[in-house]
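Q: Counting in the numbering used here, the sequence shown runs from 1 upward without gaps. Note that CB positions come from ideal geometry on N, CA and C, so glycine has one too. Sharing a structure, written as structure tokens. Questions coming.
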Amino acid sequence: MKVDQDYNRKVLIIARDFLPYFPSLGGVIRVVKMAQFLQEQGWDVYVLCSRGEEISYFGYKNIVSKLKVVYVNDKLQRYYNKQAIVNTGSKEEIKTSSSIMQGLKNLINDFCIPDKGIFFVNRYVKEASKLILENNISTVIVSSPPHSTQLIGLNLKRKFGNKIKLIVDYRDSWNTTAIFQKRYWLAKKISLNKEKEVLRIADKFTYISRPMLGKINSTFMDISNKSLLIMNGFDSRMNNEVTVTVPTNKELTIGYFGGISDHPKSFRNPTRFFNVVSKLSDNINLVFYGSTVLNMKWKECLGDKLKINETIAHTEALELMKTMDLLLVVHSESMGGEEVLTGKIFDYFLAQRPVLVVGPKNMEAARLVRENQLGYCLDIFNEDEMVKGLQEIHRDWQQGQLVSYSLDDVVKFSRQQQYAKLLEIL
């Protein structure tokens, strides 16, 4: 196997989920913006990802068209995309399976390690190898979840050795968070061993949230010397595309942008928050934009307080964010919650509206908001605190005293500053 040693500024980014084959912009925006940034810095950027059922470009078709994107036909991705299309909508009720069928699905999920994408790894390795050899690519960035994608990078590193630099990028943790952790001892052990091997063989490791590295170091080995925190950040250039607006809502209006579901297994389950809002006499409107799967009972319970809208383009979303009194972040899973720093929060910062974080008390997003005085934080597992907190927020709103800040206060969270750190390790 011969690979040209002149790897002049060529990089392959492997991410199974990419536009237009994913139901939420939040799940793909890091890779889209990373590819765009590197291209603007003079890098020749290739993206290897899956082709499923087309959903939306979310306003990024022009940017994607300028990248060298190679799509791999993927039946699993097509299945997930079709499910997302069927299940999304304001009138969709969650359909429950029989306990036997659900138990069977859970068993299958537990022994597809780390996830069902494991059955498609070889196909991606073959396509990636072809790209590396034909285009003299020296740097490979693998971004996950789904974490089976990291096994593509593992196999490529074993195949090419020092001829490629492998950068493992985590948008979410693998075995150190409940979202992806296996339930059974054997499955958990196999999954842990796979992750350990990926982290061991990686030349560099990038991650989006401070607590992630500490948990990896204590679970596996200390990889601090090859690790770099690169948060998702916001695109500061988009500020020029968005008009500064002072909200003039007649009722306290809380906006949420992105995917959300009240399925019992969802880690963005707003049930506890909805229950509190339904008990308050204060006039509070909840406005949702994005992939929304909620039981019809919430529309009946909350009535006009709840408004659900379709997914919209990113620039349009930013315009609407600026019309909200507060912007909502929800996380409902306690285990691993300390590391959660959802990408949407940075767009909220760009909109310069106060952020309302409803999640575990130790959530990283909550720490960021508290320490930088960018909004309010409520413990999703403490109903009394949520009631009291929302009442205080409503009073602040009535008195025109909601938390406020400017772009200067959050400039350190721009993608331009965050992704510039990536150039140091390429």
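1) Among the candidates L374, D379, Q399, whose CA atom is the shortest distance from the CA of V410?
2) To test your reading of the DSSP string, which unbroken beta strand (DSSP E) runs of 3 or more residues are found completely within the stretch 138 to 203?
3) Assess contact between the stretch 187 to 204 and the stretch 343 to 362, defined as three or more Cβ pairs (one per stretch) separated by less than 8 Å. Is contact present?
4) Given this structure, state the Cα-to-Cα distance separating S281 from N73, to the nearest angstrom.
5) Over the uninterrupted alpha helix (DSSP H) stretch that includes V277, give me the two end residues.
6) Along the chain, where does the alpha helix (DSSP H) containing L213 start, and where does it finish?
7) For a test of the three-state rule: what should DSSP assign to Y57, helix, strand or coil?
8) What do you get for G52, buried or exposed, if any count of 16 or more other CB atoms within 10 angstroms of its CB means buried?
9) Excluding the 5 residues preceding and the 5 following Q150 in the sequence, name in chain order all residues of the same chain whose CB lies nearer than 7 Å to its CB.
10) Out of K68, N109, R30, which one is the CA nearest neighbour of T206?
11) From this set, R268, S218, Y80, V403, which residue's C-alpha is nearest Y376's C-alpha?
12) Return the residue from the list L306, D44, T248 that minimises the CA-CA distance to G400.
13) According to DSSP, simplified to helix, strand and coil, what is V121?
14) Mind checking whether the beta-carbon of E195 lies closer than 7 Å to any heavy atom of the ligand FMN?
15) Please classify K66: does DSSP put it in a helix, a strand, or coil?
16) Buried or exposed: which applies to R268, given that a residue is buried once 16 or more other Cβ atoms fall within 10 Å of its Cβ?
17) In or out: M386 buried (at least 16 other Cβ within 10 Å) or exposed?
18) For D17, tell me which candidate among W43, V45, G42, V69 has the shortest Cα-Cα distance.
19) Look at the alpha carbon of D325 and the alpha carbon of D44, and state the distance between them as a whole number of angstroms.
20) Any idea what DSSP makes of F413, helix, strand or coil?
21) Apart from the five residues just before and just after R367, which ones in its own chain have a Cβ nearer than 7 Å to its Cβ?
22) C49 lies in the alpha helix (DSSP H); which residues open and close that run?
A: Short version:
1) L374
2) 139 to 144, 165 to 170
3) As far as the Cβ criterion goes, the stretch 187 to 204 does not touch the stretch 343 to 362, which means the pair count is below three.
4) Roughly 52 Å separates the two Cα atoms.
5) 271 to 279 is the extent of the alpha helix (DSSP H) around V277.
6) 210 to 219
7) coil
8) buried
9) Contacts found: V142, S144, V168, V198.
10) R30
11) V403
12) A check of alpha carbon separations from G400 across L306, D44, T248 identifies T248 as the nearest.
13) helix
14) Ligands displayed in this structure: none; no statement on the ligand FMN is therefore possible.
15) DSSP places K66 in coil when its eight states are reduced to three.
16) buried
17) That one is buried.
18) V69
19) Approximately 42 Å between the Cα atoms of the pair.
20) In the structure shown, F413 adopts helical secondary structure according to DSSP, grouped into three states.
21) none
22) Element bounds for C49: not the alpha helix (DSSP H) but the beta strand (DSSP E), 44 to 51.
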